[in-house]
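Okay, so here's the structure we're looking at.
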């Protein structure tokens, strides 16, 4: 009697295994890291991590994207993005998420998010955290040595692709300084250290608390002096070389318009809203062509009749494929 033939195990090419793993969510990848040493090395390699981040960011269905916010009870909540643009009741899509920040009377802000990492901070106390809500891990950053008393503190979080480094930025405007020169403290996650730049930003004042991160730079609206809240320019900080640049506003709107900086896709955006009783806002996006910058009006948002927009409270939106949801 002939013995049963043994069927050899099916071996997939390494390229196909990599392609399959790249399409899996992070929680599944964490489990598969225990399969073998070769899978552990593959999934934890910098090249795999970068490719996975890129594929997730380019996901047109936004199935891995989440909207995270903090409610009045100091709890963090999140919801998937797709239900915001469907007929589903949003309340059914809200989920609690554990955060590294304890409940406190101090004001806590979400400074920004890049590649799935979130920076949250007690700005006045200069306490900052880097948080990965997907794997529920966080890191509290050491405080900078700066103990300045400030008229204003601004902050930002971004990614320096040239050094593969995530950076947190605190900007201090010292009190009792007539020239209002600033001190910029930059924390590098790669070197685990702070760098201080003195006497920056002479002659203008950053307005919005959080810089918006786009393509290696942080962007703020800015005015001509510390007591003037009229937006005169857009000011950017390059995370790679530590340089500042001022950009002209688009030729539109009235002098008393409220201008809010945001991000649409991979472009810097401006939300122009007039003062009290505004019925509409205009969305502009910035495009680069070499060293030249141009502004393009994307669309106009018309608010529901029961929504009143005021200068001091800018509306918040999220965008998917040029559809918007009022938050």
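Numbering (full-length UniProt numbering), first residue to last: 1 to 327.
Where is the CB? At the ideal position from N, CA and C, for every residue including glycine.
Residue i - partner residues in DSSP beta bridges
i	result
residue 328	The structure shown does not extend to residue 328, since the chain spans only 1 to 327, so no value can be given for it.
residue 39	DSSP lists no partner for residue 39.
residue 159	166
residue 79	67
residue 301	281
residue 288	293
residue 184	171 and 197
residue 246	235
residue 113	118
residue 97	76
residue 138	131
residue 221	234
residue 212	219
residue 260	271
residue 206	222
residue 154	171
Length of the line joining the Cα atoms of residue i and residue j
i	j	result
residue 160	residue 267	17 angstroms
residue 123	residue 153	7 angstroms
residue 263	residue 166	19 angstroms
residue 111	residue 56	21 angstroms
residue 162	residue 95	36 angstroms
residue 46	residue 164	10 angstroms
residue 141	residue 274	39 angstroms
residue 284	residue 250	8 angstroms
residue 64	residue 203	42 angstroms
residue 82	residue 137	25 angstroms
residue 28	residue 129	25 angstroms
residue 30	residue 287	38 angstroms
residue 230	residue 270	15 angstroms
residue 39	residue 54	20 angstroms
residue 19	residue 240	31 angstroms
residue 12	residue 33	17 angstroms
residue 121	residue 201	23 angstroms
residue 58	residue 21	16 angstroms
residue 139	residue 192	11 angstroms
residue 302	residue 80	25 angstroms
residue 182	residue 205	9 angstroms
residue 48	residue 42	7 angstroms
residue 209	residue 60	30 angstroms
residue 297	residue 246	20 angstroms
residue 14	residue 50	18 angstroms
residue 99	residue 300	36 angstroms
residue 168	residue 238	12 angstroms
Best match in the options for proximity to residue i [C-alpha to C-alpha]
i	options	result
residue 75	108, 238, 48 and 15	108
residue 171	126, 193, 138 and 192	126
residue 292	248, 261 and 258	248
residue 281	260, 208 and 244	260
residue 242	196, 272, 120 and 22	196
residue 304	286, 279 and 78	279
residue 23	30, 38 and 52	52
residue 198	244, 300, 26 and 257	244
residue 36	26, 299, 25 and 17	17
residue 26	44, 15 and 14	44
Expected contact under 8 angstroms - CB spacing of residue i and residue j to nearest Å
i	j	result
residue 158	residue 213	4 angstroms
residue 211	residue 156	3 angstroms
residue 194	residue 144	5 angstroms
residue 68	residue 97	7 angstroms
residue 207	residue 224	About 11 angstroms; that fails the 8 angstroms criterion.
residue 78	residue 70	The pair is not a contact, with the Cβ atoms about 10 angstroms apart (cut-off 8 angstroms).
residue 257	residue 272	5 angstroms
Any chain D beta carbon closer than 8 angstroms to residue i
i	result
residue 128	Checking the listed chains, one finds no chain D in this structure; it contains a single protein chain.
**Contact between the stretch 181–198 and the stretch 212–223 (3+ Cβ pairs under 8 angstroms)** = The answer is no - the stretch 212–223 does not touch the stretch 181–198, with fewer than three Cβ pairs under 8 angstroms.
**Asked** Would you say the stretch 131–146 touches the stretch 229–249, given that touching needs at least three Cβ pairs under 8 angstroms?
**Response** Verdict: no, contact absent.
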